[in-house]
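As numbered in UniProt numbering, the sequence shown has no gaps in its residue numbers, which increase by one up to the final residue, 1052. A short write-up of the structure that comes next.
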Amino acid sequence: MKLTKKYFSKYTKPLAEVPDLVELQLNSFRWLVKEGLAEVFKEFSPIKDYSEKKFDLTFKDFAIEEPKYDEQHAKENNLTYEAPLVASVVLKSKNFEHEQKIFLADFPLMTAHGTFIINGIERVVVPQLARSFGVFFTANDLRGKKHFGAKVIPSRGAWIEFETELDGCVYVRIDRKRKIPATALLRLFGDTEGKGSTEAIQKAFAHLESETPYIKNTLDKEAFNSIDQSFVEVYKRLRDSDLVTIPGAREFIKNLFSAERYDLSLVGRYRLNQRFGLPTSGEEAGRRTLSFDDLVRIVSHIITLNSAKGAKEDDIDHLGLRRVRLVGEMLQQRVRVGMTQMKRYIQDKMSTADQETMFPIQLISPRPLQARIKEFFTTNQLSQFMRQDNVLAEIEHLRTLSAMGPGGLTRERAGFEVRDVHTSHYGRLCPIHTPEGPNIGLILRLTTYARINDLGIIETPYRRVQKGVVTDEVVYLNALDEEQYNIAHASVPYDEHMRLIDDEVEVRAKTKPGMVGKGEVHFIDVAPNQAYSVATSMIPFLEHDDANRALMGSNMQKQAVPCVKPEAPHVATGMEELAARFTGRLIFSDIDGEVAEVDGEHILIKGHDGGKRDHKLITFGRTNDFTAFHQRPAVSLHDTVKKGDLLADTSSSAGGQMALGQNVFVAFMTWEGANYEDAIVMSERLVRENIFTNIHIEEFVCNVRDTKLGPELTTRDIPNVGEAKLKNLDEEGIVRIGAEVGPNDILVGKITAKGETELTPEERLLRSIFGEKVRDVKDTSLRMSHGKRGRIIGIKVFSRDNGDKLESGIIKQVHIEVAQVRNVSVGDKLAGRHGNKGVIAKILPVEDMPYTEDGTPIDVVLTPLGVPSRMNLGQILEMHLGLAARMLGYQAMTPVFQGADPEEIKDELEKAGYPRDGKVTLYDGRTGVPFEQKIAVGSMYVLKLHHMVEDKIHMRSIGPYSLITQQPLGGRAQGGGQRFGEMEVWALEGYGAAYTLREMLTIKSDDISGRSQAFDSIVKGEHIKAPSIPASFNVLLNELRGLALDVELENL
């Protein structure tokens, strides 16, 4: 049932459309295919042999051909969604010119929703937030005074670092080598332009006024004043070598800063030009190497900073000095590395090749390129397994930025400053949405309206304001541009003619908060949620929540598992619909027409123009996080649909809106202490009606190998297994679809040949009578793991005979998908959208739950003590407004910072027939007696998170032991025990329980002989003998002996 939406008085329409939320990934990959690869091939053309006389190999053209199969086929068959990358290569020599098309690599393709499918698994390449290229001005505190310097960071090539010393000279280091006077470097750059003389350098700095004659001091510091000498001295510093000739030094240094070796990059040049007020477009902005004038400007600025009072160095955490490296750029970099290795191989081949009969195919080995591409997608820290708990987790993963990864920060090295929220993040990076724990502030999310431009700089939109009137012009500004303007926030009131109402307007006046006249306002924010990410924008009444709790709320929405009956929230923000649309997982009609056919597997639309569109639906797909991905038709037969209308919902959406949880009737009260410490008391109704039921799908894989003793076999004929265990297996030994399986049930029957042993006379007799039949085989069947259960919903068999690619040594692979229906149970984690989380402690019969005057039982009882100290009052407002919305049958829309007023909520409660404070008398379900105090009740949107008790509960009697210490292993995955640690030992010592303690530290732990003796004694009913030495004590002795300490044991 679609509810009508109700907005409140603060609401104003956003002044700009929300951009496509996954466009940044798609655009970057499109750039790579159209321009990025062409750039690399151009760089590596032509490749000549070492003598530059025999051969000349050019990459004339390239193409990415059509993929061999679609993404769904790739997922189902554990393949990579890729297409062949083919290049036209021309090989020239004195005698011939040959052109050939050569296959270089299978190039992974991006799907329509910004992901890659690698070996059947969906992956995301997370953009990296790295330090920008260009010039940075730094400072050193020397004797209480700031001495300024600069770093010139290129995208490829040597770093140049300037620094001012106490002696009033400016020095420079190239690639962190020994320092040289800066004027020596100026001579080298000035040489080609005829500006290398002392007079030319002095003239270049003549306009500077400074108390300290920095340039004169630096020129005096040079022990050499000829250009040739400068080349030699710089060469010596760089190569630590005395053997040098002037032509050799010249060539080496010219090469070091040539276009092949040194690339400032477009963004580096843009930042440098922007810094010094030079043109940022046109020919000047296209130069990617440094010039004499560039260095003069940098050194001049350093001297100006040194002379100016209160001058400040660049803030390296400012977003204007950082940029985003997207998938296209990172993949281009790996292709470049692969091509460099390929070039070396080609040149080696050229030097030994015969000039008469060569073809390009004989020179090119594309293996290094293929290896680099594969390595990027499988091992790079930024190529990540896609989070797929629900569609919100997917879209936020695509919009994540990481400061870590190759060339980035590490968790251990990153300090507080890097992780902090910075004023330049406003409208670009979300200040709320970041992980808790060691990655806090290093992994960030783009805000809803942010976009990334061609240079990798994050921009945010504003509407231009002229003479106090908001115009229709939307302007995207980066963090540095924004600092020159006065920008009003989106809640500033304006009339229907878009004129600002107040004479004095609250603005960010050149980054500082303040008030200005309305005529001085330059821009206005486009929406109140401009500063927040998609997940944070989905928290109603965010403005009433503490930031720490809002952070938890943002993260926990992404952990919500989709319920079998998705339900949109009664209190929403309007972001739910937009976010769902941009995930690319819902199906929308792309034509006007009528529904001709609809069932669980497809929807056929017959267009008014006679065309037909068949939309295939995915049923019970398994996601990376083992939740079920399922598309449900949202239309009926013969419905009329328009272009852009919803045709099918996913497992985590309802009516085209994100639906991650369920609306439940809650009360804030204590109940017999059962909701102590954030625990939750729940009604059995939610269990009976499958309100929080979800489907969990897991895959089990059985590998059939070729062993030395012959191949393994899948069969139903398994030794020493009763018929009852085999009833669901077919003749191949594979379980049937639809079978119900539990712990230790056989999924794939498999036998493996045993090694030959010495035969007894009886076995020899049987062997001679029956032939090979009696040969020993062991049961190596794939069984359901301990504690797992479910129903078989899918079987896939891959084998070499069918032409499937498998790892070496594997001849067949069987994949079994098991779906499990999980209802809510004690120990499951539930949460609201405001960071209010808890574990279910008790599920009460409906008749025992507190109930209202009209007999309506409460669904969930929450603790009131969880609210004041946590300062997330949004949940209280949501509960009250949710009650009114539920009773009056509408969906309350409360966008971030534009929610309903407390007074409006009270009015709505009154309309719904409730007291204005939202508190009612509740009755105890067990006695029927009313509770003394009135209690706040309402409707709250509750999520069930993927931390489910069924994945966590664990017990052990006998299990595996560690090989070294002989102590039980730890952890559920290893079937481990509970560690009786240091503090537990103190507890027993405190009680003086000596025998219990001895037992804990010996026979229950790692006294090997004592363990088996104790077992024998228990079986025989005897007294347990005294324990001996624990194995870990012997390990300690051996470690001491390893340190050359001779330890002897006496009186044991």
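Here a beta-carbon is modelled for each residue, glycine too, at the ideal position from N, C-alpha and C.
If only uninterrupted beta strand (DSSP E) runs of at least 3 residues are considered, those enclosed by the UniProt domain "RNA polymerase Rpb2" (384-452) are 400-402 and 443-445.
Distance from the CA atom of His489 to the CA atom of Tyr462, rounded to whole angstroms, is 10 Å.
Contact between the stretch 662-678 and the stretch 613-627 is absent, with fewer than three C-beta pairs closer than 8 Å. Between the alpha carbons of Met498 and Leu551 lies a distance of about 34 Å. Taking C-beta atoms under 8 Å as the contact rule, Gly574 and Met893 qualify, at a distance of about 5 Å. Scanning its chain for C-beta atoms nearer than 7 Å, with the 5 sequence neighbours on each side dropped, one finds around Leu637 the residues Val595 and Val598, in chain order. In the structure shown, the three-state DSSP call for Tyr991 is helix. In the pairwise beta carbon analysis, the stretch 817-832 is classified as touching the stretch 791-807: at least three pairs are separated by under 8 Å.
When DSSP states are grouped into helix, strand and coil, Met948 belongs to the coil group. Within the stretch 307-362, complete alpha helix (DSSP H) segments of at least 4 residues are found at 327-352, given in chain order. If you draw a 10 Å sphere on the C-beta of Leu290, you find 16 or more other C-beta atoms in it, and that means buried.
The straight-line gap separating the alpha-carbon atoms of His602 and Phe588 is approximately 13 Å. Val391 is positioned such that its CB atom lies closer than 8 Å to that of Thr650. For Pro247, the enclosing alpha helix (DSSP H) starts and ends at Ile246 to Leu256. Our two residues, Tyr995 and Leu1049, have alpha carbons roughly 23 Å apart in a direct line. Rounded to the nearest whole angstrom, the C-alpha separation of Ile1008 and His954 is 24 Å. Around the Cβ of Asp294, a 10 Å sphere holds 16 or more other Cβ atoms; the residue is buried. For His602, the secondary structure class from DSSP, reduced to helix, strand or coil, is strand.
Taken through DSSP and simplified to helix, strand or coil, Tyr235 comes out as helix.
The shortest C-alpha to C-alpha distance from Phe62 to any of Leu32, Val896, Tyr69 and Lys53 is the one to Leu32. Proximity of the stretch 976-989 to the stretch 1017-1036 falls short of the contact definition, fewer than three beta-carbon pairs being nearer than 8 Å. Residue environment: Asp1046 is assigned as exposed (fewer than 16 neighbouring CB atoms within 10 Å of its CB, all protein chains considered). Following the DSSP letters along the chain, one finds Asp779 inside the beta strand (DSSP E) bounded by residues Val777 to Asp779. Considering only Asp1006, Thr448, Ser351 and Ala509, the residue with the shortest C-alpha distance to Lys48 is Ser351. By the Cβ test, the stretch 824-842 is not in contact with the stretch 734-741, since fewer than three Cβ pairs between them sit closer than 8 Å. Spanning the alpha carbons of Ala560 and Asp389 requires a straight line of approximately 7 Å. Distance between Gln72 and Val124, taken at the CA atoms: about 17 Å.
Contact between Thr447 and Gly415 is absent: CB atoms are separated by about 24 Å, not below the 8 Å threshold. Following the DSSP letters along the chain, one finds Ile695 inside the beta strand (DSSP E) bounded by residues Asn694 to Thr707.
For the pair of segments examined, the stretch 450-457 was found not to touch the stretch 507-522: the number of CB pairs separated by less than 8 Å stays below three. Glu193 counts as exposed, since fewer than 16 other C-beta atoms from the protein chains shown sit within 10 angstroms of its C-beta. Boundaries of the beta strand (DSSP E) harbouring Gly790: Gly790 to Ser799, taken from the DSSP string.
Considering only Gly832, Gly959 and Arg916, the residue with the shortest C-alpha distance to Val942 is Gly832. Contact check for Gly114 and Ala74: beta-carbon distance about 16 Å, past the 8 Å limit, so the pair fails to qualify. Buried is the label assigned to Val741, since at least 16 other Cβ atoms lie within 10 Å of its Cβ. In the three-state reduction of the DSSP assignment, Ala884 falls in the helix class.
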